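If you read the sequences in order, they're chains A and D. Take the first sequence: its letter number 108 is residue 108 in this note's numbering, and every next letter is one higher. If you count the second sequence from 1, you need to add 1000 to reach this note's numbering. Quick reminder that beta carbons are idealized off the backbone N, C-alpha and C, glycines included. Just so you know, these numbers come straight off a predicted model, no measurement behind them.
Number of protein chains: 2
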Amino acid sequence: MKSIHAGELRAEHIGQTVTLAGWVGRRRDHGGVAFVDLRDGSGIVQVVLNPDNEPASDDVLHGLRSEYCIQVEGEVTPRPEGTVNRDLPTGEVEVVASNLTVLSPAAALPFQLDDRSDVDESLRLKYRYLDMRRGRMAANLVARSKAIRAMRNVLDREAFLEVETPTLIASTPEGARDMLVPSRLRKGQFYALPQSPQLFKQLLMIGGVERYYQVAKCYRDEDFRADRQVEFTQLDLEGSFWGQEDVLTVLEKIAAEVVRDLRGEDIELPLPRLTWTEAMDRYGSDKPDLRFGMEIVDLSDAFADTEFKAFTGVLGDGGTVRGINAGALGLARSGLDALTTRAQELGAKGLVWMVVEEDGSLRSPVSKFLSDEERGAIVTRLDATYGDTLLIVADATKVARAVLGQLRLDLGQPTGHDELSFAFIVDFPVFDVGDDGSLSPAHHPFTAPASLEDLVNTPESAVSKAYDLVLNGSELGSGSVRIHDPAMQAKVFEVMGISDEDAESRFGWFLEALRYGTPPHAGFAFGIDRLVAILQGEPNIREIIPFPKTQTGADPLTGSPGRVDESQLEELGIEIAPAVLESWAAAEAGDTPE
Amino acid sequence: MKSIHAGELRAEHIGQTVTLAGWVGRRRDHGGVAFVDLRDGSGIVQVVLNPDNEPASDDVLHGLRSEYCIQVEGEVTPRPEGTVNRDLPTGEVEVVASNLTVLSPAAALPFQLDDRSDVDESLRLKYRYLDMRRGRMAANLVARSKAIRAMRNVLDREAFLEVETPTLIASTPEGARDMLVPSRLRKGQFYALPQSPQLFKQLLMIGGVERYYQVAKCYRDEDFRADRQVEFTQLDLEGSFWGQEDVLTVLEKIAAEVVRDLRGEDIELPLPRLTWTEAMDRYGSDKPDLRFGMEIVDLSDAFADTEFKAFTGVLGDGGTVRGINAGALGLARSGLDALTTRAQELGAKGLVWMVVEEDGSLRSPVSKFLSDEERGAIVTRLDATYGDTLLIVADATKVARAVLGQLRLDLGQPTGHDELSFAFIVDFPVFDVGDDGSLSPAHHPFTAPASLEDLVNTPESAVSKAYDLVLNGSELGSGSVRIHDPAMQAKVFEVMGISDEDAESRFGWFLEALRYGTPPHAGFAFGIDRLVAILQGEPNIREIIPFPKTQTGADPLTGSPGRVDESQLEELGIEIAPAVLESWAAAEAGDTPE
């Protein structure tokens, strides 16, 4: 239906007769002649519709509205002098139509499709198929496809096998809730949708697949959280006879190839690596944004003998005094007080601010409580010069890191993603330590500890063979070396408080599999949407997903989820709970909102 | 952990010290020395474990059992004269171990892993990870990965975009039952899992994606049917400004590339095309196996004036007389009678068999009722010679086609798939005509009819722009040109008996989308598992799927589907129906089987 794509036309085609097909973009009328932007997947070209040499009737021509799908036959001609459009790849030519066919008319649009108009997101999602015709969304679809292809290209070269794992599975132990699928043939029983292919990919390693990957759809039924989707896609990979180093090397190749294919840029390899402790100490985050400095500095020892009560109390309780040099903020007193309020909202007891005066002295409400030596140490340690604002938190280590890490982002994080800063975070702790000292596993229980002895003796500080890849302050994915020894697996369950009985009922089939010559193995899971969103400079992953859901898991386009016929449920052997039916009845009666 | 893969070792490596890792295959002991097949993903090499030059203790050596995961360091040496194994790519060399490490021991195996032992399928599925270590399954996993890569390569070259469509969707109108997923955030409401991405890929066309593909997971909740899976994978593709010819051309390229990559063979293009009517008339099937002839021949006009009552009756009722030449079957009377029984089981009122005698006469119970002319016509039309068995059915056209088509397969279909015979079947009817003359749609209602006029006036014989790809008697996939005109869509719904109200409630959102300048488009869906199964010579698709389910949708490995905690259901606002709970209670009480 077309002899060439609209966006491919150039001066070299002048004189040729071409057939184009696409959509009507902007239209301008001058002296009875219509100039129409014809747009297809490749771009835009200007079409000249002159009733004098174009056989379509005036009716057609006058009725030709935005987003009509049309076919045009015509001659490629040079644009008249002075009308060449240098911003458009096809801007040197136009197509003078000799024939126009309306393939499909378009109803009045719910919103304008040019990229400049700002449209409410719920409207964009309801008419996603129109939203996709806009340049930005169209480019994002292409970028996503290219990113996945780049990943596959690397893994193909590295002799990975693409293997599909099932999606109707038994419940997996990933922490979040499983989404369930009732079985009709076994009424009252349920499949779960996978939160990840974790155990299946480990089975593949046991099965002798030495290099596995999959672009896997995963499901997480979480409560409201910004920028998460109930269904999402990850690049899942695993290798046997492999360790952390091997995994990170492949990840570097993937990151480099995707950036090259999407941005035409080379990133410097190897990527920087930070231990979890370093990342937390220097940036207050396990997904640090390394595009800027403003590092956190531990000042505790400078205040070992301080007489400033706020610090002595904290240090006496085993706390810490840390600070950042936020640079020349130039804030008035009210701005500085707002920072204190923000620090308190973030969980700190307080915030000490100091501004370096021209004479090197420190302007600060607490300055007078500090000795010359202490003030000097602050300036030296934070590398402070005239005009810099210094922010200091004295608190428990966990709080000081978190608060300063967030203030650092508030004050220093670049907008957009013109610069890219990848890094690996390694040596994650086995456990998250709660404020009350309670331990909760930081990773799934198949993650290998660095030392089983440490895990047993000092679980609160034990390190696991787990690693993350971060980019510009976002986690792109995480992985680990897995446990391949059934005895170690049993011990880890024990330390994690998972009873033998519990382990057996939750994943006995997997523990059985571990007994048959399991090779050492390690792997990773890569969040595709997040990576592409950052590379495309998009603020959220919904811009990268062709048909995303809202944050409550609804699809405004198709109206899912929705009610279903009772007969369907009957076949499945399930019923809607009476409380839900009552709430519907009440809503219908207008008693309460649904 | 390995310096080279086991299967890569050749004479050129002799003298090198290598590190290998893999599994213990067969083991032979001679004079205190153990000869162990070390197997990894690449193949097998013989390792010589001599306690004299190998530091592992006798304990390790004696304890080394089948499927232990081991690491071996040693020197590549030529095999002693007379022990070279020409059947093995590594058969010229062996590795004399200087170091042996057991990475992971293996428990006693539930079945032997050599390919020659025939293991019950349910046991193989329960221990799929061990089954995968066998050569046949390992090769199938590789073949599946290669096939999908070949498909992607073609589509990448043809500038297709890979786009992911959602899997938690609204109910789709595909005919089979939807699998449902209860929503927790909107209690009492459900998502459906997609039976295909049909409507979403059409939305992509409306959205301006001109070439789309996806390797898509689909779900069908069907009753027991051999060789079907509740979840399955299809290569889904669609293009706009495209017609049937464009689709078939791309499919030919895909078929050729997959066959080349998996078999190293070239198939002849273009592929043969038969209309549905031709296929039914000549082979009695819409998925004919074209590897052999034995075509069905219409003999009706030869019996226009027959006096044979069985034929006159059928022809008088608008029926047909058709036959096949089954060749030299050499069957005794009992064998011929068995064919008659088979024909009756298949739905025919009876079967006429005839055997061509040496003198050209026809031996048959009905021969005497036929005229010389009629007997002569049979021999001529069926191209019969001495020894041939001719089978004739006189019945309604539909029955005669189906019965002879199945007898043709029973008697002529080759075993295995050494030869490949692809074909397109085109011009499918819009409706399947029931025995009672009732019409039921043969395709989803978005399929374009060849002529709207025919559809309205003579629906029973109307043809649609639908096509299938078949291989060796199996359907690999189907596709069609879609309706892009909302008015035609409304008319088709009307003819199919779908009321406006029904259409609006089932896919109103899609009908809305059609109104915004929908381009003409067409597409296809390719059953990946079936294609790979045939190319691998496997009798069923479960051999191609890494973790398949049984025919009742169960997974013997993980035990899914299974019962879940009441608290999980409560969160979802659903309950198990009382009848199901009662049946469980009864089963537990031993009253009835569960």
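- Beta-bridge pairing by DSSP links threonine 101 of chain A to A/Gln71.
- In the DSSP assignment, phenylalanine 1200 of chain D falls outside any beta strand (DSSP E) and within the unbroken alpha helix (DSSP H) covering 1198 to 1206.
- With a beta-carbon spacing of about 51 Å, leucine 1299 of chain D and isoleucine 1169 of chain D fall beyond the 8 Å limit used to define contacts.
- Out of A/Phe524, A/Glu73, A/Gly537, A/Thr83, the CA that lies nearest to the CA of glycine 239 of chain A is found in A/Phe524.
- Close CB contacts of leucine 382 of chain A within its chain, under the 7 Å cut and outside five residues either way in sequence, are with Val297, Gly323, Asn325, Leu390 (chain order).
- In this structure, the CA atom of threonine 397 of chain A is about 6 Å from the CA atom of threonine 320 of chain A.
- The alpha-carbon separation between glutamate 1245 of chain D and leucine 20 of chain A amounts to approximately 19 Å.
- Residue-level contact by beta carbon holds for cysteine 69 of chain A and chain D, with a gap shorter than 8 Å.
- Methionine 1488 of chain D carries a helical assignment under DSSP once its states are collapsed to helix, strand and coil.
- In summary, no residue of the stretch 1469 to 1481 of chain D has a CB separated from any CB of chain A by less than 8 Å.
- Contact of glycine 1562 of chain D with chain A is assigned, a C-beta pair being separated by under 8 Å.
- Using a Cβ-Cβ cut-off of 7 Å, glycine 1041 of chain D is close to Gly208, Val209, Glu210 of chain A, given in chain order.
- If you look at isoleucine 1528 of chain D, you'll find it in the alpha helix (DSSP H) that goes 1528 to 1535.
- Taken in chain order, the complete beta strand (DSSP E) segments of 3 residues or longer contained in the stretch 1114 to 1184 of chain D are 1179 to 1182.
- Taking C-beta atoms as the reference points, valine 96 of chain A and glutamate 75 of chain A count as a pair closer than 8 Å.
- In this structure, valine 430 of chain A lies away from leucine 469 of chain A, with their beta-carbon atoms at least 8 Å apart.
- Interface annotation, tyrosine 386 of chain A: not in contact with chain D, CB-CB separation never under 8 Å.
- Looking at the DSSP output, isoleucine 1576 of chain D bridges to A/Ile574.
- Distance from the CA atom of aspartate 1337 of chain D to the CA atom of methionine 1354 of chain D, rounded to whole angstroms, is 11 Å.
- Taking every protein chain shown into account, the CB of glutamine 198 of chain A has 16 or more other CB atoms within 10 angstroms, so this residue is buried.
- Neighbours of tryptophan 1353 of chain D in chain A, taken as residues at a C-beta separation under 8 Å, are lacking, since the least C-beta distance is about 42 Å.
- Contact of proline 1105 of chain D with chain A by beta-carbon distance below 8 Å involves Gly517.
- Residues of the stretch 1179 to 1194 of chain D with a C-beta atom less than 8 Å from some C-beta of chain A are Met1179, Leu1180, Val1181, Pro1182, Ser1183, Arg1184, Leu1185, Arg1186, Lys1187, Gly1188, Gln1189, Phe1190, Tyr1191, Ala1192, Leu1193, listed in chain order.
- Residue burial annotation: lysine 201 of chain A is buried, with at least 16 other C-beta atoms found within 10 angstroms of its C-beta.
- Methionine 354 of chain A sits in a strand when the DSSP states are folded into three classes.
- By the CB criterion at 8 Å, phenylalanine 1424 of chain D and leucine 1572 of chain D fall outside the cutoff.
- Short of 7 Å from the beta carbon of isoleucine 545 of chain A, and not among the five residues preceding or following it, lie these beta carbons of its own chain, in chain order: Gln229, Asp529.
- At a Cβ-Cβ threshold of 8 Å, valine 1093 of chain D and isoleucine 1148 of chain D do not count as neighbours.
- Closest in alpha carbon position to glutamine 344 of chain A, among A/Phe446, A/Ser367, A/Gln406, is A/Gln406.
- Interface annotation, arginine 133 of chain A: in contact with chain D, CB-CB separation under 8 Å.
- A direct Cα-to-Cα measurement between glutamine 1112 of chain D and histidine 1062 of chain D gives close to 20 Å.
- When secondary structure is reduced to three states using DSSP, threonine 1312 of chain D falls in the helix class.
- Distance from tyrosine 283 of chain A to glutamate 295 of chain A at the Cβ level is roughly 7 Å; contact confirmed, criterion being Cβ atoms closer than 8 Å.
- The C-beta of threonine 1277 of chain D comes no closer than 8 Å to any C-beta of chain A.
- Scanning chain D for C-beta atoms nearer than 8 Å to the C-beta of valine 142 of chain A yields Leu1161, reported in chain order.
- Cα atoms of leucine 315 of chain A and valine 426 of chain A: separation of roughly 29 Å, rounded to the nearest angstrom.
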